[in-house]
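Number of protein chains: 2
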Amino acid sequence: MPVPAQRTRPGPRRALTEDQILDAALTLLDAGGANAASVRAIAAQVGVAPNAVYTYFPDKAAIVKALVERLLGQVDHGVFIDRDQPWRQRVEALALELRERLSAHPGAVPLLIGGPMDGPHALALNERLLELLADAGLNPTDAARASYLLIVYVFGSIALEVADLPQPGPLPPESERIDTRLDAFTATPAEHYPRTAAAAAAMAGYISTEQYLWGLRRMLDGITASTTAHTEAAGV
Amino acid sequence: MPVPAQRTRPGPRRALTEDQILDAALTLLDAGGANAASVRAIAAQVGVAPNAVYTYFPDKAAIVKALVERLLGQVDHGVFIDRDQPWRQRVEALALELRERLSAHPGAVPLLIGGPMDGPHALALNERLLELLADAGLNPTDAARASYLLIVYVFGSIALEVADLPQPGPLPPESERIDTRLDAFTATPAEHYPRTAAAAAAMAGYISTEQYLWGLRRMLDGITASTTAHTEAAGV
DNA sequence: TTCAACTCTGCACGCTGTACAGATAATGTA
DNA sequence: TACATTATCTGTACAGCGTGCAGAGTTGAA
Numbered sequence: 422m423p424v425p426a427q428r429t430r431p432g433p434r435r436a437l438t439e440d441q442i443l444d445a446a447l448t449l450l451d452a453g454g455a456n457a458a459s460v461r462a463i464a465a466q467v468g469v470a471p472n473a474v475y476t477y478f479p480d481k482a483a484i485v486k487a488l489v490e491r492l493l494g495q496v497d498h499g500v501f502i503d504r505d506q507p508w509r510q511r512v513e514a515l516a517l518e519l520r521e522r523l524s525a526h527p528g529a530v531p532l533l534i535g536g537p538m539d540g541p542h543a544l545a546l547n548e549r550l551l552e553l554l555a556d557a558g559l560n561p562t563d564a565a566r567a568s569y570l571l572i573v574y575v576f577g578s579i580a581l582e583v584a585d586l587p588q589p590g591p592l593p594p595e596s597e598r599i600d601t602r603l604d605a606f607t608a609t610p611a612e613h614y615p616r617t618a619a620a621a622a623a624m625a626g627y628i629s630t631e632q633y634l635w636g637l638r639r640m641l642d643g644i645t646a647s648t649t650a651h652t653e654a655a656g657v
Numbered sequence: 422m423p424v425p426a427q428r429t430r431p432g433p434r435r436a437l438t439e440d441q442i443l444d445a446a447l448t449l450l451d452a453g454g455a456n457a458a459s460v461r462a463i464a465a466q467v468g469v470a471p472n473a474v475y476t477y478f479p480d481k482a483a484i485v486k487a488l489v490e491r492l493l494g495q496v497d498h499g500v501f502i503d504r505d506q507p508w509r510q511r512v513e514a515l516a517l518e519l520r521e522r523l524s525a526h527p528g529a530v531p532l533l534i535g536g537p538m539d540g541p542h543a544l545a546l547n548e549r550l551l552e553l554l555a556d557a558g559l560n561p562t563d564a565a566r567a568s569y570l571l572i573v574y575v576f577g578s579i580a581l582e583v584a585d586l587p588q589p590g591p592l593p594p595e596s597e598r599i600d601t602r603l604d605a606f607t608a609t610p611a612e613h614y615p616r617t618a619a620a621a622a623a624m625a626g627y628i629s630t631e632q633y634l635w636g637l638r639r640m641l642d643g644i645t646a647s648t649t650a651h652t653e654a655a656g657v
């Protein structure tokens with residue numbers, strides 16, 4: 422690939438890099454939630470005037486877009502690229518990896534689902550998922566459909582999980598969040614919502630990893646049931 | 422129920438109702454997207470000073486919450502409450518009804534998934550869904566888990582569908598949006614993303630009702646496969 | 001008739017994204 | 001070495017945001 426044509430232009434050296442700005446944005450998001458990453462706050466974090474940020478990104482939407490791309494790029498492909506593993510296990514590894522990476526930055530999740538994920542890293546993840554489902558024996562159309570089903574599930578789960586948080590900041594431990602939910606659900610009036618009241622414990626666990634895997638496995642069951650019979654080790 | 426203790430207090434009559442404010446908010450959302458429903462714009466729409474809105478709602482978050490509740494309340498229960506229908510058909514009816522109601526107001530969708538849906542209408546929908554899955558023969562725990570799986574799918578689908586829109590305003594026809602997506606996906610470089618490029622047509626249809634139902638049915642397949650054998654007409 | 005409660009307005013504050021003009025620094029060229 | 005060009009950063013500013021406070025005016029109860 423060509424050398425990226427640098428350093429030949431006049432003008433003072435940049436005091437920052439795009440990455441530093443994205444670092445600052447992510448730090449602010451982690452500390453203060455989705456609204457904390459204002460252009461002014463980012464600028465203050467990196468020590469420049471607010472409008473200096475526009476030297477690096479044309480507008481705030483571009484910052485968000487770049488940040489989303491960076492987060493998707495942090496997903497470790499190694500776990501589920503290994504074709505020697507059973508494909509269902511590879512899907513689970515991908516789903517868990519994505520959930521872990523994204524829930525590490527709950528403030529960024531609204532930004533992820535606030536726009537199309539069409540950057541290079543998003544495409545790369547899509548490509549890997551299509552490969553994986555092809556390995557599972559699905560034809561290209563079913564593989565595409567199944568991949569979107571999985572994408573909807575992963576991002577939908579995380580979005581609802583984050584939406585449940587009462588305040589910004591890092592994600593509290595799962596057990597703590599479940600306890601909070603249980604308190605809320607046990608207050609449900611049983612005379613109006615008998616089944617909801619009876620299912621309070623199960624509903625408190627909606628945001629758990631266990632429920633996440635349960636749902637994922639039900640979907641994989643449904644996906645495999647729909648295809649014609651195929652061996653588990655479809656391989657290459 | 423008790424008469425809501427009205428009209429006995431001093432002070433001038435209100436010029437508006439809460440409903441008028443929610444109407445105005447929804448109109449603005451429909452026309453200009455999620456950010457168009459500012460307190461000032463709502464106030465202008467109903468013809469009062471911006472801070473007069475705070476007579477009816479304590480803050481903007483309360484307006485959003487009430488609006489979400491109203492939208493969930495518009496879901497027609499009649500379609501899927503009918504126990505004479507096969508349960509899978511009832512689930513599909515619910516899923517389609519919800520999607521139709523919400524995609525009528527794409528600008529409101531980010532508000533829906535931006536916070537917990539814990540109002541009375543949300544609880545009522547949850548209750549109905551638990552009933553439905555109990556009718557399907559699922560035990561309470563599985564019914565609860567399956568209901569959350571379905572909720573994640575429905576709201577995740579709609580969220581991703583809305584996130585794909587390039588501009589605010591009413592949802593263009595499905596065919597038009599698919600065409601736009603197809604144009605984008607056919608531009609995918611096949612040398613880097615061969616499977617994505619090959620699946621362009623299927624991926625363009627991710628936002629279609631067909632894909633929505635396909636995914637829903639795969640999930641129902643998976644849910645039923647996981648439970649012990651049960652007759653289709655589990656009934657009461 | 002007086003009083004207290006309530007609704008609405010004008011004004012203001014601090015926040016947001018971002019446009020414009022100007023000072024400064026670094027470069028390629030003469 | 002001097003100059004012209006260009007990129008970077010700052011100061012200032014504007015319109016819009018949510019919302020708090022003080023006050024004017026309207027209404028029902030005592």
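Just so you know, the protein sequences line up as chains A and B, in that order. Okay, so the first sequence: first residue is 422 according to the working numbering, each after it adds one. Okay, so the second sequence: first residue is 422 according to the working numbering, each after it adds one. For every residue, glycine included, the Cβ atom is placed at its ideal position computed from N, Cα and C. Just so it is clear, the structure is predicted and the values come from calculations on it, not from any experiment.
If you draw a straight line from the Cα of arginine 504(A) to the Cα of aspartate 440(B), it comes to about 57 Å. Under a criterion of Cβ atoms nearer than 8 Å, the residues of chain A adjacent to glutamine 632(B) are, in order, Arg566 and Tyr569. Alanine 529(A) is a Cβ neighbour of leucine 447(A), given a cutoff of 8 Å. Rounded to whole angstroms, threonine 617(A) and glycine 636(A) show a C-alpha spacing of 19 Å. Within chain A, no residue has its beta carbon less than 7 Å from that of tyrosine 477(B); the closest one is some 24 Å off. Annotation: aspartate 563(A) to leucine 551(A) spans about 10 Å, alpha carbon to alpha carbon.
For the pair isoleucine 644(B) and arginine 638(A), the Cα-to-Cα distance works out to about 9 Å.
For glutamate 439(A), the enclosing alpha helix (DSSP H) has its first and last residue at 439-453. Per the coordinates, the alpha-carbon of leucine 488(B) lies some 26 Å from the alpha-carbon of glutamate 595(B).
Going by DSSP, glutamate 521(B) is part of the alpha helix (DSSP H) stretching over 508-524. Contact between alanine 464(A) and valine 474(A) holds, since their C-beta atoms are separated by about 5 Å, short of 8 Å. The C-beta of histidine 498(A) has fewer than 16 other C-beta atoms within 10 Å across all chains shown, which makes the residue exposed. Going by DSSP, glutamate 490(B) is part of the alpha helix (DSSP H) stretching over 481-494.
Between glutamate 548(B) and chain A, the shortest Cβ-Cβ separation is below 8 Å.
Less than 8 Å divides the Cβ of glycine 577(B) from the Cβ of glycine 577(A).
Distance from alanine 565(A) to alanine 620(B) at the Cβ level is roughly 4 Å; contact confirmed, criterion being Cβ atoms closer than 8 Å. In this structure, glycine 535(A) sits away from proline 537(B), with a CB-CB distance that is not shorter than 8 Å. DSSP places aspartate 600(A) inside the alpha helix (DSSP H), whose first and last residues are 595-607. With fewer than three CB-CB distances shorter than 8 Å, the stretch 539-549 of chain A does not count as touching the stretch 582-602 of chain A. Nearest to histidine 526(B) by alpha-carbon distance, out of Arg509(B), Glu548(B) and Leu493(B), is Leu493(B). Within chain B, Arg639 have C-beta atoms less than 7 Å from the C-beta of isoleucine 644(A), given in sequence order.
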